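Number 185 in the UniProt record's numbering belongs to position 185 of the sequence shown; there are no gaps in the numbering.
Heads up: the structure comes next, in C-alpha cells.
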Amino acid sequence: MYLAVFDEAMVLQHICEDYKSIIWTERFHGFGDFKLTVPGTLENLQIYQLDYYLYTKGTNKLMIIEQVELNTEYSKQSMLTVSGRSLESILDRRVMHPYPIWEGTRLCMHERTKGKVKDVIKHYTNLLFKQRDSLDTSHERHVTGFGWYSVDELPAGIRKGRPVSSMDIGNIRANANGTVRNMTRNADYSHAAYDDTDPYIMEGSWYKLVQNLTDLTMSGWAIEHDGEDPYYWYGYTYNGVNRTFNQGERPPVVFSPKYDNLSKATYFKSKVSTRTKIFSGAVKFTVPLELQLSKEYLDDNRDSAMQNNSVTVGTRGLGLREGYFQSPSIEHTNGYMISKGSGQWGVASIDPESIYRQIHEQCNTELWRHMPLEMFSGEAAQQSMYTYNEDFFLGDFVQIQNEFGQQDIARVTEYIRTSSDSEGDVFYPTFQSLSDIQKSKPGLNIT
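Put into C-alpha cells, the structure is as follows:
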C-alpha cells in the first residue's frame, strides 16, 4: 500500500516503505481515521509530525496526523504508532455560537435558519472558514485551499462520472416551516422580527451540526482533494448512486460469494437500540403577554413548560418501543425590540405553538437515529470485479447477498484498507441495510 507524508504546506516529505501495519478507514457520514505502525527510530520520529498529512493512492481522502506514540520494550524493537482522522474532522475546529443582538448590548441570540439543508451547510461552512462568498483572508478563521461546493460545482476528479441528479441531496429544509405568529403588539415597541416560519437553531460544534443536518436527509458529506492533486480541498454534501436491481440506468453492483467478490461476509441485525416513538423532556418557556391577555394560556407564566413527541412507527403493544429525548434544542425568541420612549432593548418571545412544532421535529430526528439495525459487512477480494471509486463509491446503494440466499439493498458506509507484513494488502467495504421506513425517505430514490 502506497503511503506518503506531506507537511502543513502540502510539500512531500517522505514515502513510507518500512511500515509494519496500517488500517485506513473512510466513511460516508463523518470523518474516517487511520492507525499506522512503523519502527520507532529517530528518523521516523522526525518524519511523522503532528498536523502533517498522510496520503495514499486510489482515493480522494487525506488523513491528518493527530497523535504519535513511541513504545519501547527491553530486548524488542521500538515501535512508533501514528494515528489521526481524515479531513472531515476539520469541521470540529469551528463552532456556531450565540452572538450579541445589537452592538453594545450583552443580550444575545442563536444563529438560526429556515433554508435547505444543502444550502445551509454550504453557506455556513464557507462563513466559518472565511472562504468563497465569505472570503476574508485577513480573518483568523480563514483557511487557504479549502471551500464548500454544491455537487454541480465539483471537478470531474471528484465526481468521477457520477450524475449530479443522483448525488444531489434534494430540497429538504432544516426547519419545520410552520407559521409563527407575531407576539409583539405594543405600539410603543419597534419590533425587528425574524422570519415568520419555524426556526432551526444552530449552536455548538459545526461538525456535530453538519452530522445532525445530514441526518435529516440521510445523506453524507466529504472533504476531498481532486484526484492526484492534494493541494486544494473540496467540501460537499451528497447522496449515493442507486446501483441496485431497482433501476435500469446503470449496471447493478452485486456483492456475493457467488461472484467471488465477497470472500468474507457477516450478517448482523439488532433491535437493541430501536425506538418507534420518542417523547421529549419538558421545555420551559415564557408565555408572551399577548397570550396571557387573550387567555390562550393561564395568567401566571412562571415555569411554563411544554412537551411533545415524534410520530409513531411500527406496531402497538410490545412492538411499541418508547424513547426519551431529554433536552431538545429549541429557539425561544423571535427577534429583538426597542422601546421608543426609553430606548431600552429586549427580545421578543416566540409563539409557543412554534416551540411545540420544534419539539416535534427534534423528536422525529431523534427517532431516525434509532431505526432497527441490519448490517452486512464483507471483505472484498483484491481481484474483485468491482473497483472502489470507479464502479461503486461511499454512500452508493448496492445489492448484497450471502451464501444462504439472503439479499437486500445496502448502502456502502465504510471502505477499509489494511496492510501488514503478514497479511499483505486487504481492502474491503462495509455495508448497512436500510429499514423499509428509511428506504422511503424522500430524496433517496431507491424504491
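Glycine is no exception: its CB is placed at the ideal position from the N, C-alpha and C atoms.
Just so we're clear, the structure is a prediction, and the values are computed from it rather than from any experiment.
- In the DSSP assignment, D229 falls within the beta strand (DSSP E) that extends over 229–238.
- Contact between the segment 167–185 and the segment 345–354 is present, with at least three C-beta pairs closer than 8 Å.
- The three-state reading of DSSP puts Y200 in strand, counting E and B together.
- In the three-state DSSP reduction, K116 falls in the strand class (E or B).
- Cβ neighbours of A282 within its own chain (closer than 8 Å, five residues either side excluded): A305, M306, Q307.
- Nearest Cα to D303 within the set I101, S294, P288: P288.
- DSSP, reduced to helix, strand and coil, places A4 within a strand of the structure shown.
- In the DSSP assignment, M306 falls within the unbroken beta strand (DSSP E) covering 304–306.
- Take the alpha-carbon of Y232 and the one of A156: they are about 14 Å apart.
- In the DSSP assignment, W148 falls outside any alpha helix (DSSP H) and within the unbroken beta strand (DSSP E) covering 146–148.
- Shown here for F245: same chain residues with a beta carbon closer than 7 Å to its own, the five before and five after excluded, namely P252, Q399 in chain order.
- Contact annotation: L42 and V82 have beta-carbon atoms that are not nearer than 8 Å.
- Taking Q77 as the centre and dropping the five residues before and after it, the same chain places the C-beta of P39, G40 closer than 8 Å to its C-beta, in chain order.
- A residue is called buried once 16 or more other Cβ atoms fall within 10 Å of its Cβ, and H97, having fewer, is exposed.
- Rounded to whole angstroms, the gap between the alpha carbons of V313 and I169 is 24 Å.
- Taking the C-beta atoms as reference points, R162 is found no nearer than 8 Å to G147.
- Rounded to the nearest angstrom, the gap between the Cα atoms of I330 and T286 is 13 Å.
- Here E111 is bridged, per DSSP, to M202.
- Bounds of the beta strand (DSSP E) holding S349 are 345–349.
- Ranked by Cα distance from N242, the options I416, S354, R411 are led by R411.
- Distance from F427 to G220 at the Cβ level is roughly 20 Å; contact not present, criterion being Cβ atoms closer than 8 Å.
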